[in-house]
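Reading through the structure tokens given below for one structure.
In this note's numbering, the protein residues as written are 345 to 879.
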């Protein structure tokens with residue numbers, strides 16, 4: 345009869361799985377910090393735990409633990425992608441994106457032996473986000489740490505240096521918290537305090553907090569160039585899910601009907617007359633340039649309300665399929681257009697079409713024809729001002745929002761279509777991105793969505809009006825117009841570039857230190873090795 349292992353051996357075996365469990369837990373904590381929840385502060389213990397898990401680890405262990413952290417974070421965060429096409433693409437997306445997280449964690453483990461390591465580690469994390477926002481297929485920035493901070497203390501940092509600086513501040517503070525706890529525990533054990541290390545750890549916590557408080561002076565909702573009365577239309581869709589695309593005329597009719605209801609309420613004196621009416625993306629999937637019936641009803645809606653209407657259309661021009669915003673004047677008809685530039689892979693175009701079709705032919709039928717990319721920034725001239733346009737997915741990309749402001753936009757609109765994702769968290773995650781953009785560029789942001797949540801966001805990130813989901817509704821509000829720019833707008837990609845260089849410097853220093861350690865060991869093979877986790 346085989347003897348059972350001693351209790352101590354069972355404990356030892358379980359202890360081997362503790363880092364893996366902690367990595368997954370940290371990832372889940374990070375996910376829970378994201379909208380629709382307002383638990384932004386959970387990002388700090390998430391990175392504190394991750395710092396504890398990674399500090400001093402070697403390459404393979406750091407990669408594996410980082411991958412588990414990425415799965416714990418991204419699996420629940422991106423589950424909305426399965427609503428549209430099923431679990432296989434969702435799992436494939438998460439598996440690929442978690443590799444970027446794992447590689448960043450390898451870098452974090454490498455720099456964790458350096459003095460003031462939380463600074464280097466936070467920079468490495470932002471470098472990982474920068475890579476993920478660019479490759480493959482033009483990148484996928486969803487899940488940037490900044491996008492979970494719309495309700496948080498650190499939000500004003502977005503005005504300093506955009507999403508990279510906001511994310512860096514949060515991650516630095518989280519790693520700094522762990523370092524403070526670690527040094528305090530070491531001091532209790534040894535009754536020795538390393539003052540320089542302790543001061544550095546405290547600064548890693550204090551500086552992001554102090555910086556965020558100081559940056560509040562950059563956040564304002566004061567009108568600098570007058571005001572504009574905007575109306576946001578949410579027409580709703582016949583039903584949730586992909587089926588609504590088969591009922592394109594119904595979607596168009598719903599938005600016409602809601603606009604006519606707004607016009608009637610304006611005439612009755614219930615609401616003020618808007619200067620412009622904003623429809624969402626895909627509010628007219630019938631090309632109004634090709635189909636006279638679609639053109640007729642849009643023209644009727646614009647004439648009824650008596651002001652320009654920005655219509656989200658799907659149009660075909662010169663053999664190209666375009667996701668287009670059309671400014672429709674009640675007298676002149678279509679006068680300006682903007683073609684979406686950052687189109688969504690596997691949603692608006694299909695990379696690797698032959699390979700995807702070989703795996704599952706149904707997936708290729710989801711995108712029968714690829715959309716083409718626009719080339720010019722989206723800015724409409726309306727009622728004596730300029731409105732910037734970033735269509736749906738583009739709100740996740742720093743450059744796609746910034747260049748509307750650098751081209752003169754006094755406010756921003758993010759027309760979206762989230763109906764295919766039903767009542768998932770996707771719409772709340774995207775709404776949070778628009779709140780970050782409002783603070784980043786000090787602009788009012790409107791979010792017209794086919795099925796919700798539509799909203800009006802002040803330049804300080806506050807939501808002043810919002811709709812429910814899958815209900816017809818309109819929002820009307822006088823909003824401030826602003827012309828001043830934030831440091832984030834002026835600096836553009838520079839803060840991210842500096843942080844990437846900082847990460848590269850830290851990794852270079854870590855590699856150099858490792859080479860020196862190996863040489864020292866080779867010279868003195870009997871030297872006593874110290875634990876890499878020693879302070």
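All C-beta atoms in this analysis are idealised placements derived from N, C-alpha and C, irrespective of residue type, glycine included.
These figures come from a predicted structure and were not determined experimentally.
Which residue from the options puts its Cα closest to that of residue i?
i           : options               : result
residue 633 : 403, 785, 661 and 393 : 661
residue 605 : 663, 855 and 578      : 578
residue 730 : 722, 797 and 860      : 722
residue 725 : 652, 814, 492 and 799 : 652
residue 444 : 402, 488, 424 and 592 : 488
residue 547 : 780, 560 and 524      : 524
residue 509 : 850, 855, 856 and 839 : 839
residue 659 : 683, 644 and 676      : 683
residue 719 : 744, 685 and 806      : 685
residue 438 : 428, 484 and 475      : 484
residue 797 : 609, 755, 664 and 768 : 768
residue 740 : 466, 491 and 393      : 491
residue 733 : 715, 727, 752 and 716 : 752
residue 678 : 640, 695, 697 and 664 : 640
residue 371 : 394, 716, 749 and 402 : 394
residue 388 : 460, 450, 422 and 515 : 515
residue 549 : 576, 532, 497 and 506 : 497
residue 810 : 637, 829, 804 and 790 : 790
What span of residues does the beta strand (DSSP E) with residue i cover, start to end?
i           : result
residue 672 : 664-673
residue 724 : 722-726
residue 732 : 729-733
residue 678 : 677-683
residue 497 : No beta strand (DSSP E) holds residue 497; DSSP gives it neither H nor E.
residue 661 : 653-661
residue 620 : 620-622
residue 788 : 788-791
residue 756 : 755-757
Following the continuous alpha helix (DSSP H) through residue i, name the residue where it begins and the one where it ends.
i           : result
residue 771 : 770-785
residue 642 : 636-649
residue 750 : 742-750
residue 574 : Careful: residue 574 lies outside any alpha helix (DSSP H), inside the beta strand (DSSP E) at 571-578.
residue 603 : 592-611
residue 718 : Per DSSP, residue 718 belongs to no alpha helix (DSSP H) and is neither H nor E.
residue 539 : 539-558
If you draw a straight line from the alpha carbon of residue i to that of residue j, how long is it in whole angstroms?
i           : j           : result
residue 656 : residue 621 : 12 angstroms
residue 290 : residue 625 : The chain is shown from 345 up to 879; residue 290 falls before or after that span and cannot be answered.
residue 587 : residue 513 : Only weak support exists for where residue 587 lies, its pLDDT of 49 falling under 50; the value from the coordinates is given anyway. Residue 587 and residue 513: Cα-Cα distance of roughly 43 angstroms.
residue 410 : residue 447 : 7 angstroms
residue 373 : residue 366 : 10 angstroms
residue 360 : residue 397 : 12 angstroms
residue 534 : residue 766 : 56 angstroms
residue 866 : residue 400 : 21 angstroms
residue 453 : residue 672 : 55 angstroms
residue 362 : residue 383 : 25 angstroms
residue 820 : residue 419 : 37 angstroms
residue 457 : residue 854 : 7 angstroms
residue 486 : residue 773 : 9 angstroms
residue 589 : residue 595 : The pLDDT assigned to residue 589 is 46, lower than 50, so where the model puts this residue is not dependable, and the model offers no usable value.
residue 884 : residue 353 : Any question about residue 884 goes unanswered here, given that the chain covers just 345 to 879.
residue 676 : residue 643 : 9 angstroms
residue 566 : residue 503 : 15 angstroms
residue 862 : residue 538 : 26 angstroms
residue 748 : residue 542 : 44 angstroms
residue 696 : residue 481 : 10 angstroms
residue 630 : residue 592 : 6 angstroms
residue 364 : residue 521 : 21 angstroms
residue 551 : residue 757 : 33 angstroms
residue 292 : residue 770 : The requested residue 292 is not part of the displayed model; the chain covers only 345 to 879.
residue 436 : residue 613 : 53 angstroms
residue 336 : residue 545 : Outside the displayed range of the chain (345 to 879) lies residue 336, so it cannot be described from this structure.
residue 814 : residue 802 : 24 angstroms
residue 744 : residue 735 : 9 angstroms
residue 430 : residue 421 : 15 angstroms
residue 427 : residue 764 : 7 angstroms
residue 585 : residue 404 : Its pLDDT being 48, under 50, residue 585 is placed unreliably by the model, and the measurement read from it follows with that caveat. Cα to Cα, residue 585 sits roughly 42 angstroms from residue 404.
residue 864 : residue 857 : 11 angstroms
residue 841 : residue 467 : 10 angstroms
residue 527 : residue 386 : 22 angstroms
**Asked** Unbroken beta strand (DSSP E) runs of length 3 or more, entirely within the region 799-877: which are they?
**Response** 799-801, 807-810 and 817-824
**Ranges of the alpha helix (DSSP H) found wholly within the region 385-466, counting only runs of at least 4** = 387-398, 403-421, 425-429 and 431-455
**Message:** Measuring CB atoms only, is the region 467-483 touching the region 840-849, in the sense that at least three cross pairs come out at less than 8 angstroms?
**Reply:** yes
**Item:** Validate contact between the region 554-564 and the region 780-790 using beta carbons, cut 8 angstroms, 3 pairs
**Value:** yes
**Prompt:** Is it a yes or a no for the region 685-696 touching the region 601-620, going by three-plus beta-carbon pairs under 8 angstroms?
**Reply:** no
**Message:** For the region 568-577 against the region 811-825, do three or more pairs of beta-carbon atoms, one drawn from each stretch, fall closer than 8 angstroms, so that the two count as touching?
**Reply:** yes
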